[in-house]
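**Student:** Heads up: the first sequence runs through residues 43 to 257, numbered per the numbering used here.
Think of the CB as a built atom: it goes at the ideal place given N, C-alpha and C, for glycine as much as any other residue.
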Amino acid sequence: MTKESVKHILETLDKEYGTTKEGFLHSKDWQLLLAIMLSAQSTDKQVEEILPKLWERFPTIESIADAPLEDIEEHIKSVGLYKNKAKNMKNCCNQILAEHGGKVPVNIDELVNLSGVGRKTATLFLADAYGIPGVTVDTHVMRITQRLGWVQGKNPVQIEKELMELLPKEYWNRINFQLIYHGRSICTARKSNCGSCTLNPWCEKKGTDFYCNKK
DNA sequence: AAAACGGGGGC
DNA sequence: GCCCCAGTTTT
43 MTKESVKHIL
53 ETLDKEYGTT
63 KEGFLHSKDW
73 QLLLAIMLSA
83 QSTDKQVEEI
93 LPKLWERFPT
103 IESIADAPLE
113 DIEEHIKSVG
123 LYKNKAKNMK
133 NCCNQILAEH
143 GGKVPVNIDE
153 LVNLSGVGRK
163 TATLFLADAY
173 GIPGVTVDTH
183 VMRITQRLGW
193 VQGKNPVQIE
203 KELMELLPKE
213 YWNRINFQLI
223 YHGRSICTAR
233 KSNCGSCTLN
243 PWCEKKGTDF
253 YCNKK
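#1: Assign residue 120 to buried or exposed, taking buried as 16 or more other Cβ atoms, counted over all protein chains shown, within 10 Å of its Cβ.
#2: Under a Cβ-count criterion, where at least 16 other Cβ atoms within 10 Å of its own Cβ denotes burial, should residue 83 be classed as buried or exposed?
#3: Just reading off the alpha helix (DSSP H) that residue 163 is part of, what are its end residues?
#4: Just checking residue 141 against the ligand MN - is the residue's beta carbon closer than 8 Å to any of the ligand's heavy atoms?
#5: Three-state secondary structure (DSSP) at residue 130?
#6: Specify, as a first and last residue, the run of the alpha helix (DSSP H) that residue 112 falls within.
#7: Quick one: Cα of residue 45 to Cα of residue 228, how far?
#8: What do you get for residue 206, buried or exposed, if any count of 16 or more other CB atoms within 10 angstroms of its CB means buried?
#9: Among residues of its own chain, excluding the 5 on either side of residue 189, which ones have a beta-carbon nearer than 6 Å to its beta-carbon?
#10: Can you list, in chain order, the residues of its chain whose CB lies under 7 Å from that of residue 56, leaving out five sequence neighbours each side?
#11: Measuring only the C-alpha atoms, how far is residue 211 from residue 62?
#12: DSSP state of residue 81, grouped into three classes?
#13: If you compare alpha carbons, which of 181, 238, 80, 167 is closest to residue 148?
#14: Starting from the C-beta of residue 50, find all residues in its chain whose C-beta is less than 6 Å away, skip the five residues before and the five after it, and write them out in chain order.
#15: In this structure, how does DSSP classify residue 91 when only helix, strand and coil are distinguished?
#16: Measuring CB atoms only, is the region 213-228 touching the region 171-180, in the sense that at least three cross pairs come out at less than 8 Å?
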């Protein structure tokens with residue numbers, strides 16, 4: 043892995059997936075935050091499917107803060123972990139109203155104090171909503187950066203440290219969603235599909251088309 | 001450090 | 001059938 047190959051891959055990712063995340067961008071801030079919370083241990087595709095009805099039933103942050111838990115659960119059941127998520131969403135909205143005047147805070151320290159919001163959700167929210175740079179290591183980012191040969195570490199904390207040293211900061215606001223999109227469509231958990239991967243020329247595992255996580 | 005939370009999709 | 005998914009909270 044060389045600085046030059048990293049640069050090529052970053053430029054290719056910009057070309058393939060764009061430099062701003064689409065989809066949630068037209069949401070209000072609290073809607074975007076809740077959508078990211080809902081995506082935990084699920085897929086953004088699954089979440090996008092339930093959002094229209096969810097926002098129709100809960101058009102304002104007050105309406106979801108005041109809603110019965112069972113009502114929220116009913117609307118988000120298909121994304122999994124729904125009991126925790128419903129409780130967290132309700133508590134989170136109440137917190138935003140009580141402690142932040144109804145506006146989602148725009149710094150990571152206040153975000154992680156919200157119910158159901160951890161470091162990953164907070165970082166993704168800041169990047170998606172405001173383009174604020176941040177690197178988080180979810181399962182996709184971990185897998186792909188290991189395959190690319192960008193990182194040596196095994197745990198997310200170590201990998202995040204390595205990535206922040208390796209990647210120019212001007213790419214930090216989009217690297218997460220780009221790698222996640224790539225991980226969902228091409229370089230998946232079970233198969234790397236090197237034949238259709240545009241990053242192939244600069245990848246450590248180029249052409250191996252390997253499987254992983256087989257028991 | 002480990003368990004709990006979980007339905008839907010891929011193979 | 002088993003693995004995986006924009007993780008966080010509780011024990």
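**Tutor:** To lay it out plainly:
#1: So residue 120 ends up on the exposed side.
#2: Residue 83 should be labelled exposed.
#3: If you look at residue 163, you'll find it in the alpha helix (DSSP H) that goes 161-172.
#4: Annotation note on the ligand MN: not contained in the displayed structure, which lists no ligands.
#5: Annotated three-state conformation of residue 130 is helix, per DSSP.
#6: Counting along the chain, residue 112 sits inside the alpha helix (DSSP H) bounded by residues 111-118.
#7: Looking at the backbone, the Cα of residue 45 and that of residue 228 are separated by about 23 Å.
#8: Its Cβ having fewer than 16 others within 10 Å, residue 206 is exposed.
#9: Closer than 6 Å at Cβ, skipping near neighbours: 247.
#10: Here the set comprises nothing.
#11: Looking at the two C-alpha atoms, the distance is approximately 15 Å.
#12: Coil, per DSSP.
#13: For residue 148, the nearest C-alpha among the options comes from 167.
#14: Hits under 6 Å: 244.
#15: Correct three-state label for residue 91: helix.
#16: Short answer: they touch.
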